[in-house]
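Notes to accompany the following structure.
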Amino acid sequence: MRTLFLNPPSFEGFDGGASSRWPATREIESYWYPVWLCYPAGLLPDSKVVDAPPHKISIEQTVEMAKDFELLVLFTSTPGFHVDVRMAGMMKDLNPKLKVCFVGPPVTVEPEKVLREKAIDFVVRREFDYQIVDYAKGKPLEQIPGASFRRADGTIQHNPEGSYIENLDALPWVTKVYKRDLDFRRYNVPFLKNPFISLYTSR
108 MRTLFLNPPS FEGFDGGASS RWPATREIES YWYPVWLCYP AGLLPDSKVV DAPPHKISIE
168 QTVEMAKDFE LLVLFTSTPG FHVDVRMAGM MKDLNPKLKV CFVGPPVTVE PEKVLREKAI
228 DFVVRREFDY QIVDYAKGKP LEQIPGASFR RADGTIQHNP EGSYIENLDA LPWVTKVYKR
288 DLDFRRYNVP FLKNPFISLY TSR
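Quick note: the sequence shown, position 100, residue 207 per the working numbering, numbers continuous.
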């Protein structure tokens, strides 16, 4: 499945961040790289990472991207959740075959609540790198560790958690995904020289 990994557009008045997502509107802009989305994207050569806030990509432009993909993986945050859901719904309206997966802190804490939103097909709790890759390659949701999803009868199924990734060296270098999909000149933090690159060496 051609997969879009999305850090969605921000909205006016939001001044906060979650994990590697930093879709804030401030007097001084500050953007970190979408590290957690870039790891699984590096394992799917036909995928694309879109980091909307620093690249000034609007909701309308983002929605149009739905035409070109089969799977949307959206990293959500608590302040932006309802906006993210509305946008995901617009993308599904444009491409009804699009499967939508939400990842990030809110889906790990409250998967049942998140799945009340019909625009969301499933979530992956906690780490999602290999789970997303396996699903994109055709593995059934029932076999994806840490996935939560609606069954045909409308009830929610929570798959058991998988083990944490132990061999981090097996993951691709996120810098290769940065080069493929992102403009490094768009990222800045006031207390660092610009341009800068950030990545994690452990979890």
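Glycine included, every Cβ here is placed at the ideal spot set by N, Cα and C.
Going by DSSP, K206 is part of the beta strand (DSSP E) stretching over K206 to V210. Taking all protein chains in view, the Cβ of V281 is crowded by 16 or more other Cβ atoms within 10 Å, so the residue is classified as buried.
The Cβ neighbour count for L201, taken over all protein chains shown within 10 Å, is under 16; the residue is labelled exposed.
Taking 3 residues as the shortest admissible run, the stretch 215 to 267 contains the following complete beta strand (DSSP E) segments, listed from N- to C-terminal end: 229 to 231, 254 to 257 and 263 to 265.
Counting the other CB atoms within 10 Å of its CB gives A277 a total below 16, which places it among the exposed residues. In the DSSP assignment, the residues bridged to L111 are K155 and L179.
Contact check between the stretch 209 to 221 and the stretch 180 to 188: three or more CB pairs, one atom from each, fall below 8 Å, which counts as touching. Scanning its chain for C-beta atoms nearer than 7 Å, with the 5 sequence neighbours on each side dropped, one finds around F291 the residues Y285, P302 and I304, in chain order. Taking the CA atoms as reference points, M108 sits about 6 Å from E177. Within the same chain, Cβ atoms closer than 7 Å to the Cβ of Y271 are found at E234, the five residues on either side in sequence being excluded.
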